[in-house]
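Remarks on the structure that follows.
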């Protein structure tokens, strides 16, 4: 059978399997409460299922299954990848999807999640994946020896978490992974590696089917189960010397940075997040709403416009990767690279305009206040998760008045005020006031906060995010307490 036809069929099977699996994933997510509720740094207005990653994993597994059925039909041993390397890639992908899904359900925290990611990388290393040699600009081929393993681990963790962080607007992470998967597939096809090609196009097909449901407005999210799985798998295919495509194995003279290019937008967002949070005093691993796509959303005003802009840059970076690896002898190579450099320069100018609205002096001035808000969010979300009684949990709402200098916090059910907390001395009495009303998921309760308008828009935005994150944690714990109380009542009513 023609290899190109095999690859096309693998992509088609990945697409059709995921297309059929997504409706089932929605029902399972709703049944087992693996959903993203409104609030916190989320922008959606209703609960959205989070099992899109599992549906894509099924599509990729189906593409792999088809590939191995083809091999068992007598196509020849030369098409067989190393079983340890291939098996560890599959097992690691399953592990990462399971880890992310568990985080979607139980909110593991960044430390536990990072530990789980290290387990996934360990699976790859045991299977023989590493970086042996790569070409560094102005240096030439460099053999890494024992340093290849930690370098490989760092690359996988970086790409995996970059995809996880960029997954903040409908269709964005899926689109970036789609282009990265196409790069993997095209390079595998060009270099005679059917497994890499089938994997790349299988992932591309699965992601494309998922985007049918995830493009704005999304009816399902990939969740951490999807972002961790896709970043892990595509990062491994791009950077491991176990893969047999150019730039990914011993002796290939391609720049070490080439595998990163398809993930350029996600990696840029990671770098900006670390710099921004470090300078402003926010915790590196706590969420905010200042990612690149959030800033673009404030400027463009519509998620489809934001996605279109970032898709364009991602497609350009993917094309640059293909040119660097496959087209170095082409006549248009230098001209294309120069053109790409100008476009990327335009991207950097755009980023500077988006992030320099509030200058460095203002950022440093607000740093102590931002650190306080980050500490509040971390402490209060943990405190809410440990409450044993409903009244104990709802009493924490007083912290908005006590710790965040709100004028008033009201707890309401419909038009009925259940509890009210007021601040004796108003902060910034000369400033205008505004209201922030948030529902506690499907509990029927609404929390209304009245607070002053601060002169720093960045501080005001982070203050509202911190409050929303606390309320989201409180709502989740309230739902758990109500479920426990219902179970206790049923046990009491059961005759002994």
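In the working numbering, the protein residues as written are 17 to 512. From the three backbone atoms N, C-alpha and C, an ideal C-beta is built for every residue, glycine too. Quantities reported herein were computed from a predicted structural model and do not represent experimental measurements.
Leaving aside the five residues that flank residue 401 on each side, the residues in its chain whose CB is nearer than 7 Å to its CB run, in chain order, 489, 493. Residue 434 and residue 76 have their C-alpha atoms roughly 51 Å apart. For residue 437, the enclosing beta strand (DSSP E) has its first and last residue at 432-438. Judged by DSSP secondary structure, residue 450 falls within the beta strand (DSSP E) whose first and last residues are 449-455.
Taking 7 Å as the cut-off, the beta carbon of residue 290 is found no closer than this to the beta carbon of residue 203. Sequence-distant Cβ neighbours of residue 319 in its own chain, meaning closer than 7 Å and more than five residues away, are 185, 186, 232, 313. Boundaries for residue 236: no alpha helix (DSSP H) harbours it, and the DSSP string shows neither H nor E there. Taken atom to atom, the span from the alpha-carbon of residue 18 to that of residue 209 is near 13 Å. Per DSSP, the continuous beta strand (DSSP E) segment holding residue 466 begins and ends at 462-468. When the beta-carbon positions are compared, residue 361 and residue 278 stay at least 7 Å from each other. Note that the C-beta distance between residue 69 and residue 218 is not below 7 Å. If you check the CB distance, residue 382 and residue 472 come in under 7 Å. Residue 280 has its alpha-carbon roughly 21 Å from the corresponding atom of residue 316.
Residue environment analysis places residue 238 among the buried positions, since at least 16 neighbouring C-beta atoms fall within 10 angstroms of its C-beta.
Residue 109 holds the alpha-carbon nearest to the alpha-carbon of residue 172 among 109, 423, 441. A check of alpha carbon separations from residue 328 across 38, 63, 447, 188 identifies 188 as the nearest.
Closest in alpha carbon position to residue 98, among 142, 34, 82, 474, is 142. The residues 205, in chain order, have a CB closer than 8 Å to that of residue 20 in the same chain once the five nearest residues on each side in sequence are set aside. Rounded to whole angstroms, the gap between the alpha carbons of residue 363 and residue 431 is 49 Å. Three or more beta-carbon pairs separated by less than 8 Å link the segment 410-422 to the segment 380-396, which places the two stretches in contact.
In this structure, residue 83 sits away from residue 221, with a CB-CB distance that is not shorter than 7 Å. In the structure shown, residue 426 adopts extended strand secondary structure according to DSSP, grouped into three states.
Judged by DSSP in its simplified three-state form, residue 319 adopts helix. The beta carbon of residue 459 sits closer than 8 Å to the beta carbons of 491, 494, 495, 498 from its chain, once the five residues preceding and following it are set aside; these are given in chain order. For residue 50, there is no enclosing alpha helix (DSSP H), as DSSP marks it with neither H nor E. Judged by beta-carbon spacing, residue 190 lies within the 7 Å limit of residue 223, meaning their Cβ atoms are closer than that value. The segment 290-308 makes contact with the segment 473-480; the number of CB pairs closer than 8 Å reaches 3 or more. Note that the C-beta distance between residue 103 and residue 115 is not below 7 Å. A straight line joining the alpha-carbon of residue 196 with that of residue 139 spans about 22 Å. In summary, residue 405 is exposed, with fewer than 16 beta-carbon neighbours lying within 10 Å of its beta-carbon over all protein chains present. Non-local C-beta neighbours of residue 470 in its own chain, meaning closer than 6 Å and more than five positions away in sequence, comprise 476, ordered along the chain. Excluding residues up to 5 positions away in sequence, 68, 186, 187, 190, 236, 237, 238 lie with their Cβ nearer than 8 Å to the Cβ of residue 230 in the same chain. Looking at the DSSP output, residue 166 shares a beta bridge with no other residue. Here DSSP, grouped into helix, strand and coil, assigns residue 65 to strand. The Cβ atoms of residue 200 and residue 253 lie closer than 7 Å to each other.
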